[in-house]
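Read through the structure below, which is laid out as structure tokens, and then see the notes.
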Amino acid sequence: MKTQNRVRIAINGRYLSQIQSGVQRFAGELTRAIAKLDWQAGEQPILLSPHTTSTTPDGLGLTVVHCGRLKGQAWEQFDLPRCSQDRFLINPGNTAPVFRRHQLVVLHDAAVFSQPEGYSWKFRVWYKILQTILCHTTARIVTVSEFSRQELSKHLKVSPERIEVVPEGCEHISRVAPDTSILQRHNLVGRPFVLAVGNLARHKNLGALNVLSQDLQQRGVPLVISGGVDKGVFSGKTNLPRSALYTGRVTDEELHALYAAASCFVFPSHYEGFGLPAIEAMACHCPVVAADIPALREVCADAALYVDPCNPQSISHVICSLLDDPQLAASLRDKGDKRAQYFTWDKAARMLIAIAKDDMK
């Protein structure tokens, strides 16, 4: 794109019509952070959304333009390019219009390639085709970790230099007031408990917490699992811990309360592109025990204890040992506080906009 007198950017707001998961979280928080940057008069980006979006979250900070007549993938492929006109288009949620020039797309991970059994075949085939095509257009490609950059490079057959890294932020969880009513509803007030957050995707590996759940039950300590599942995307069954306490989906305020009150947070995933819940837990002063996988090593650094996600007995042993060691827990809390400060949405927004402006020169 030739240099223009004014920066003109549009953001793909399809995420507003989707159930919130990690990708939608990224898109929403990034949008809010972009809105807070210093923009010249008339240069603030606009957020384009399908007309079928029923509600718009408060605090986005950008003008939301509902446009087009289609919905879902059809809206994104046909209506969005027309609605965005000559603006540079930022697509924060894994997908983008194929035939759109001057755009950026954030591909969060290569899970559909590395963990195909965790997705429905329709979802898997569409994502593989779309992302392969996008990586061979002029679109700027961004991901959220060095691990994901290498994974995408390998599976999409593009050079790592073609993909830029913009880490996620975590301050969204600490800026909301904790809603402790969730602790009261589940009889968790003043009690030690271990927290996990996830869904039924196989790579989330919640079944590996069976032994932990049983061992904690003997101690009178509950394993609390928060989260949900989109049955239209994820396939297969997970052998979930039967003795765990399941809260279902929770609000940010309730999640903050759970993180802040938990004795520790356990994250047993086989595969992650970034691992946002681990950093959210650190931001809420919660000790973290994470699977020893590349993305979580990269993100958590020395602020977590690491366990073999394929060894349920080891997971239980490490967590039970942590519960018995207050000094170790305190050390992890301190390290987690410092690590969480590194990941901010303001930093992510500035990095992403710098990439967009570089492409607009």
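Here the UniProt record's numbering is used: the first residue of the sequence shown is 1, the next is one more, and so on. All C-beta atoms, glycine included, are put in the ideal place defined by N, C-alpha and C. Predicted, not measured: the structure shown is a model, and the values here were computed from it.
Nearest-angstrom Cβ-Cβ length linking alanine 74 and tyrosine 271, presumed shorter than 8 Å: Incorrect: roughly 30 Å between the Cβ atoms, too far for contact.
Under the three-state DSSP convention, the category arginine 87 falls into: coil
Buried/exposed call for histidine 136, threshold 16 Cβ in 10 Å: exposed
For serine 226, three-class secondary structure by DSSP: strand
Buried or exposed (CB count within 10 angstroms, at least 16 for buried), proline 287: Note on proline 287: 16 or more other CB atoms within 10 angstroms of its CB, so buried under the neighbour-count rule.
Rounded Cβ spacing between phenylalanine 343 and proline 167 (contact assumed at less than 8 Å): Going by Cβ atoms, the distance from phenylalanine 343 to proline 167 rounds to 6 Å, so yes, they are a contact pair.
DSSP bridge partner residues for cysteine 264 (one or two, in chain order): Looking at the DSSP assignment, cysteine 264 forms a beta bridge with Val194.
Assigned secondary structure, threonine 52 (DSSP; H/G/I helix, E/B strand, else coil): coil
Cβ neighbours of alanine 281 in the same chain (closer than 6 Å, five flanking residues each side left out): Answer for alanine 281: Tyr259, Phe265, Val288, listed in chain order.
Length of the line joining the Cα atoms of residue 362 and valine 144: Past the edges of the chain, shown from 1 to 361, lies residue 362, and the structure says nothing about it.
DSSP beta-bridge partners of isoleucine 129: Partner(s): none; isoleucine 129 has no beta bridge.
The alpha helix (DSSP H) enclosing glutamine 150, as first and last residue numbers: 146-156
Nearest-angstrom Cβ-Cβ length linking alanine 262 and leucine 195, presumed shorter than 8 Å: 4 Å
Distance between glycine 227 and threonine 247 (C-alpha atoms, nearest Å): The C-alpha of glycine 227 is placed about 7 Å away from the C-alpha of threonine 247.
Proline 45 burial status per 10 Å Cβ neighbour count (16 or more: buried): buried
Alpha-carbon spacing of valine 98 relative to aspartate 334, whole angstroms: 45 Å
Those residues which DSSP pairs with alanine 27 across a bridge: Answer by DSSP bridge pairing: none, since alanine 27 is not bridged.
Sequence-distant residues of the same chain with beta carbon closer than 8 Å to tryptophan 126, five excluded per side: Gln73
Cα-Cα separation between leucine 162 and leucine 216, rounded to whole angstroms: Here residue 162 is arginine; the residue named in the question, leucine, does not match the sequence. Between arginine 162 and leucine 216, the C-alpha separation is close to 46 Å.
Test item: CB-CB of isoleucine 11 and leucine 37 under 8 Å: no
Per DSSP, the bridge partner or partners of valine 106: Val142
Among Thr138, Ile319, Arg140, Ile133, nearest to histidine 155 - alpha-carbon criterion: Ile133
For isoleucine 293, the first and last residue of its enclosing alpha helix (DSSP H): Looking at the DSSP string, isoleucine 293 is not in any alpha helix (DSSP H), and its letter there is neither H nor E.
Same chain, Cβ closer than 6 Å to asparagine 205, five either side skipped, listed in chain order: Pro268, Ser269, His270, Pro309.
As assigned by DSSP and simplified to three states, the class of glutamate 168: coil
Local conformation of asparagine 311 per DSSP, three classes: coil
Distance CB(glutamate 151)-CB(serine 174) smaller than 8 Å: no
Counted within 10 angstroms of its Cβ, other Cβ atoms place glutamate 29 as buried (16 or more) or exposed: So glutamate 29 counts as buried.
Any chain C beta carbon closer than 8 Å to aspartate 358: Of the protein chains in the structure, only one exists, and it is not chain C.
As assigned by DSSP and simplified to three states, the class of leucine 305: Annotated three-state conformation of leucine 305 is strand, per DSSP.
Range covered by the beta strand (DSSP E) that runs through leucine 245: 245-248
7 Å CB neighbourhood of aspartate 358 in its chain, flanking five on each side removed: none
Under the three-state DSSP convention, the category cysteine 284 falls into: coil
Per-residue burial, serine 316 [other beta carbons within 10 Å of its own, 16 or more giving buried]: Under this definition serine 316 is a buried residue.
Rounded straight-line distance, which links the Cα of leucine 183 to that of valine 250: 12 Å
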